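Data first, discussion second: the structure below is written as structure tokens.
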Amino acid sequence: MPTTRADGAAPPDTADLTRLRRAAADCTGCGLHRAATQTVFGEGPCRAEILVAGEQPGDQEDRRGKPFVGPAGRLLDEALAEAGFQREVLSATNVVKHFKFTERGKRRIHEKPSRAEVVACRPWLVAELRAVRPRSLLLLGATAAQSVYGPSFRITRQRGEPSAPPDELAGLCTVAVATVHPSAVLRAPDRETARAEVVADLRAAREG
Ligand code: URA
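Take the position in the sequence shown, starting the count at 1, then add 84; the result is the number in my numbering.
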């Protein structure tokens, strides 16, 4: 029977983003909700043309409750604009909706989510896709790409290649494209080249 309320892990059976967001706020589908400040759900128009999915909220996103509002988000915004995307056609989310971190003194250091945490959060991504019905799904970084295509997906080999979504997501978007995560660009020794490569992937996504 379809669920109408979150039972702690499963999204309710609805395409209403406001209801999904409310239900996700109480998600206990993995242990990450215990240390995180809040669930960071997707943001953007309810019928966006493109859904951009990152790995997980960072420190600032966790505090503010919105995706991509920190340094990686600023780089992403610039790269998207340079690739010709208009802000109003985009929605942004993460494949894991709680910040995973370790504390080092006063600092909270990002920790990569485990496969089990990614899998636990996947129904929320599927629910968002059902609600938003974007033409394109833009996957930022290996964790996001592997959430959709499985752990054998390699960003280094498959980035910038528009492809059909896997069967399970068929009908929920037309095309998916992966690129390097903006945080990786910020850490790259040659940041300008890394940034230009991401812009090229985003252009391929726009045209794909
Ligand atoms: N990195 C992500 O993957 N998502 C965010 O929202 C912020 C940083």
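C-beta atoms are modelled at their ideal positions from N, C-alpha and C, and glycine is treated no differently.
In this text, all values refer to a predicted model and were calculated from it rather than measured experimentally.
The DSSP assignment places complete beta strand (DSSP E) segments of no fewer than 3 residues inside the segment 207-278 at 220-224, 259-263, in order along the chain. Judged by DSSP secondary structure, Arg188 falls outside any alpha helix (DSSP H) and instead within the beta strand (DSSP E) spanning 185-188. Here Thr186 is not near Gly126, since their CB atoms are 8 Å or more apart. The criterion of a C-beta distance shorter than 8 Å is satisfied by Leu286 and Ala167. In this chain, the alpha helix (DSSP H) harbouring Ala165 covers 155-166.
Shortest Cα-Cα distance from Gly113 to any of Ala200, Ala99, Thr121, Arg106 involves Ala200. Here the segment 232-239 does not lie against the segment 153-160, with fewer than 3 beta-carbon pairs under 8 Å apart. For the 8 Å CB-CB criterion, Thr102 and Lys181 do not form a contact. In terms of side-chain proximity, the C-beta atom of Gln140 is found nearer than 7 Å to a non-hydrogen atom of ligand 1. Within its own chain, the residues whose Cβ lies closer than 8 Å to the Cβ of Ile193, once the five positions on either side in sequence are excluded, are Phe185, Thr186, Glu187, listed in chain order. In the structure shown, Thr102 adopts helical secondary structure according to DSSP, grouped into three states. Nearest Cα to Glu195 within the set Ala260, Ala262, Ala229, Gly142: Gly142.
Just measuring C-alpha positions, the residue of Val136, Pro129, Ala163, Cys205 sitting nearest Gly92 is Cys205. Glu145 counts as buried, since at least 16 other C-beta atoms from the protein chains shown sit within 10 angstroms of its C-beta.
Taking the CA atoms as reference points, Ala229 sits about 17 Å from Val283.
The Cβ atoms of Ala289 and Ser247 do not sit closer than 8 Å to each other. The beta carbon of Glu145 sits closer than 7 Å to at least one heavy atom of ligand 1. Just measuring C-alpha positions, the residue of Val202, Ser198, Val264 sitting nearest Leu223 is Val264. When the five nearest sequence neighbours on each side are left out, the beta carbons in the same chain lying within less than 6 Å of the beta carbon of Glu212 are those of Gly126, Thr177, in order along the chain. When the alpha-carbon of Ala262 is set against those of Val136, Arg171, Ala280, the nearest one is in Val136. Check the Cα spacing between Ala280 and each of Val216, Leu256, Leu159: the tightest is with Leu159.
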